[in-house]
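Those letters in the sequence shown? Residues 630 to 879, per this note's numbering, in order.
Backbone N, C-alpha and C define an ideal beta-carbon position, used for all residues, glycine too.
Report on the structure given below.
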Amino acid sequence: MRRKVIAGNWKMNMLPNETINFIEQFAPLVKDTKNEVILCVPFTDLFYALLHVQGTNIKIGAQNMHWEEKGAYTGEVSAQMLKSIGTEYVIIGHSERRQYFAETDETVNKKIKSALAVGLKPIVCVGETLEQRENGKTEEIVTNQVEKAFNNLKAEDLKNIIIAYEPIWAIGTGKTATKEEANETIAQIRKKVAEMYGQNDANEIIIQYGGSVKASNAKELFEMSDIDGGLVGGASLKPDEFSKIVNFDK
Ligand code: 13P
Numbered sequence: 630m631r632r633k634v635i636a637g638n639w640k641m642n643m644l645p646n647e648t649i650n651f652i653e654q655f656a657p658l659v660k661d662t663k664n665e666v667i668l669c670v671p672f673t674d675l676f677y678a679l680l681h682v683q684g685t686n687i688k689i690g691a692q693n694m695h696w697e698e699k700g701a702y703t704g705e706v707s708a709q710m711l712k713s714i715g716t717e718y719v720i721i722g723h724s725e726r727r728q729y730f731a732e733t734d735e736t737v738n739k740k741i742k743s744a745l746a747v748g749l750k751p752i753v754c755v756g757e758t759l760e761q762r763e764n765g766k767t768e769e770i771v772t773n774q775v776e777k778a779f780n781n782l783k784a785e786d787l788k789n790i791i792i793a794y795e796p797i798w799a800i801g802t803g804k805t806a807t808k809e810e811a812n813e814t815i816a817q818i819r820k821k822v823a824e825m826y827g828q829n830d831a832n833e834i835i836i837q838y839g840g841s842v843k844a845s846n847a848k849e850l851f852e853m854s855d856i857d858g859g860l861v862g863g864a865s866l867k868p869d870e871f872s873k874i875v876n877f878d879k
C-alpha cells in the first residue's frame, strides 16, 4: 500500500524566528504519525528549519530552484545548493510560478531532471483552471502537463517523485474539489503514468491533492483510493491546524 505524504507549502510566509517557533510547537504534535511529513519553506528559512527538525520525523523542502548547475543567473538557487544544506524535497511547477513567473512545462521538465541528478526529490504540481474544468478539459490538461513534465524521465526516477494535483480554482479560495472530483482526476493522472511507465510504477507513485485542504476536510480527501495525502498552503502555517491534517487518520 502507498504511504500518505502530507506536505506544507508555506509560500512567501514565515521569518526564521517564526519558523523555529513553528517547529518547536509542531514537532511534538506529529511525532507519532506514520505519515510522511514535509515542510516546504522559503529559501531564507531553510537552514533554520533544517537545524530545528534534527531528531524529528519532519522533512524539509524548498519551493523552487533553477535548472542550471551554476553560472550567471542572478538571484537563482541551484539544486546542488539546496541539497548541500540537507534539503530533501523541492516543489516544482506550482501554479503560482506558472502564472506569475513564466514557469512552463519545459522548465518544469528541466528542473525535475536537475533535482533528480543531485538526489533532491521533486514535488511536481499540475492542475487546471476553472474555465478548463467547466469546458471538460481537466483530464486533457493535467495528463498533458504530466507527459511534458516527465519527458525523458526513466521509470526508476518515479520512486523519487511526488505529483501534486492542485486545481487552480481551489487554491487559496476556500473552495475545495469534492473528494470524488479530486479522486477522479488523480486516478486519470495515475492512468497516464501507467500508459507511460506501466501499471506497477503507476500503482507506486505518490499523488497528492492540494487546494484549500483544512483539518475539517483532510480525512475525507485522504481516505479516497487514489489520493495519497496533500500539499497544504494556508492551513500549514498554524502548527495546531496542520498537525490535525497530518494526524487525519488518528
Ligand atoms: P491552499 O491550501 O492555501 O489553498 O494552497 C494550496 C497550495 O497551493 C499548496 O501548494
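Identify every residue that forms a DSSP beta bridge with Ser-707.
Stepping through the sequence shown from its first residue, residue 707 is reached at position 78. BP columns for Ser-707 point to His-695.
Taking the alpha carbon of Pro-671 as the reference point, which residue from Gly-690, Lys-660 and Asn-686 has its own alpha carbon closest?
Reading the sequence shown from its first residue, position 42 is the one you call residue 671. The shortest C-alpha separation from Pro-671 is found at Gly-690.
Taking 7 Å as the cut-off, does the CB of Ile-800 come closer than this to any heavy atom belonging to the ligand 13P?
Within the sequence shown, residue 800 is the residue found at index 171, counting from 1. Correct: Ile-800 has its Cβ closer than 7 Å to the ligand 13P.
Residues that Ala-793 bridges to, as DSSP identifies them
Taking the first residue of the sequence shown as position 1, residue 793 is located at position 164. Ala-793 is bridged to Cys-754 and Gln-837.
By how many angstroms is the C-alpha of Met-641 removed from the C-alpha of Tyr-729?
By one-based count along the sequence shown, residue 729 stands at place 100. By one-based count along the sequence shown, residue 641 stands at place 12. When rounded, the distance between both Cα atoms is 13 Å.
Residue nearest to Ile-834 in terms of C-alpha spacing, selected from Asp-786, Glu-849, Val-771 and Glu-725:
Counted from its first residue, the sequence shown places residue 834 at position 205. Of the candidates Asp-786, Glu-849, Val-771 and Glu-725, the one whose C-alpha sits nearest the C-alpha of Ile-834 is Asp-786.
Is Val-861 a contact residue of the ligand 13P, with contact defined as CB to any heavy atom under 7 Å?
For this step, residue 861 is matched to residue 232 along the sequence shown. At least one heavy atom of the ligand 13P is nearer than 7 Å to the Cβ of Val-861, so yes.
Is Asn-846 buried or exposed, if buried means 16 or more other CB atoms sit within 10 Å of its CB?
On the sequence shown, residue 846 is found 217 positions in, with the first residue counted as 1. Asn-846 should be labelled buried.
Candidates Cys-754, Gly-748 and Glu-717: closest to Arg-726 by CA position
One-based indexing of the sequence shown puts residue 726 at position 97. Residue Cys-754 is the option with its Cα nearest to Arg-726.
Glu-883 Cβ short of 7 Å to the ligand 13P heavy atom set:
Beyond the ends of the chain as shown, which are 630 and 879, falls residue 883; an answer cannot be given.
So, at 7 Å on beta carbons, what are the nonlocal neighbours of Lys-804 in its own chain, with the 5 sequence-adjacent residues on each side left out?
On the sequence shown, position 175 is the one that residue 804 refers to. If we look at Lys-804 and ignore the five residues flanking it on each side, its Cβ neighbours are Trp-798 and Ser-841.
Using 7 Å as the cut-off, classify the Cβ of Ser-841 as near or not near the heavy atoms of the ligand 13P, replying yes or no.
Taking the sequence shown and counting its residues from 1, the one referred to as residue 841 is at position 212. Yes, the Cβ of Ser-841 comes within 7 Å of a heavy atom of the ligand 13P.
Touch test, the segment 755 to 764 against the segment 710 to 720, Cβ-Cβ under 8 Å, three pairs minimum
no
Taking one C-beta from the segment 853 to 867 and one from the segment 821 to 832 each time, how about it: are there three or more such pairs within less than 8 Å?
no
Return the first residue and the last residue of the alpha helix (DSSP H) that Tyr-718 is part of.
The sequence position of residue 718 within the sequence shown is 89, counting from 1. Premise fails: Tyr-718 lies in the beta strand (DSSP E), 718 to 721, not in any alpha helix (DSSP H).
Assigned secondary structure, Val-777 (DSSP; H/G/I helix, E/B strand, else coil):
In the sequence shown, the residue the question calls residue 777 occupies position 148. Reading off the sequence, residue 777 comes out as Lys, not Val. Three-state DSSP puts Lys-777 in a helix.
Just curious, the alpha helix (DSSP H) that Glu-760 is in, first and last residue?
The sequence position of residue 760 within the sequence shown is 131, counting from 1. Run containing Glu-760: 759 to 763, per the alpha helix (DSSP H) assignment.
Look at the Cβ atom of Ile-836, then the Cβ atom of Ile-792, and state whether they are nearer than 8 Å.
Mapped onto the sequence shown, residue 836 falls at position 207. Mapped onto the sequence shown, residue 792 falls at position 163. Yes. Within cutoff.
For Gln-683, count the other beta carbons within 10 Å of its own beta carbon; 16 or more makes it buried, fewer makes it exposed. Which is it?
Residue mapping note: residue 683 aligns to position 54 of the sequence shown, counting from 1. Gln-683 is exposed by the Cβ-count criterion.
Just list the beta strand (DSSP E) runs in the segment 791 to 875, keeping only unbroken ones of 3 residues or longer that don't cross its boundaries, in chain order.
791 to 794, 835 to 839 and 858 to 861
Taking the alpha-carbon positions, what's the Ile-714 to Ile-687 distance?
Mapped onto the sequence shown, residue 714 falls at position 85. Mapped onto the sequence shown, residue 687 falls at position 58. Roughly 15 Å separates the two Cα atoms.
Write down every uninterrupted run of the beta strand (DSSP E) in the segment 634 to 679 whose length is 3 residues or greater and which is fully enclosed by it, in chain order.
634 to 638 and 665 to 669
With respect to the alpha helix (DSSP H) encompassing Leu-725, which residues constitute its N-terminal and C-terminal limits?
Taking the sequence shown and counting its residues from 1, the one referred to as residue 725 is at position 96. As written in the sequence, residue 725 is Glu, which differs from the Leu given in the question. Looking at the DSSP string, the run of the alpha helix (DSSP H) that includes Glu-725 is 724 to 729.
Name, in chain order, the residues that DSSP records as bridge partners for Ile-687.
Sequence index remark: in the sequence shown, residue 687 carries index 58 (1-based). For Ile-687, which the question treats as bridged, DSSP gives the partners Val-666.
Regarding Asn-638 and the ligand 13P, is the C-beta to nearest heavy atom distance less than 7 Å?
Position 9 of the sequence shown, counted from the first residue, corresponds to residue 638. Yes, since a heavy atom of the ligand 13P falls inside the 7 Å radius drawn around the Cβ of Asn-638.
Host alpha helix (DSSP H) of Glu-735 (start-end):
Sequence index remark: in the sequence shown, residue 735 carries index 106 (1-based). Where Glu-735 is concerned, the enclosing alpha helix (DSSP H) stretches over 734 to 746.
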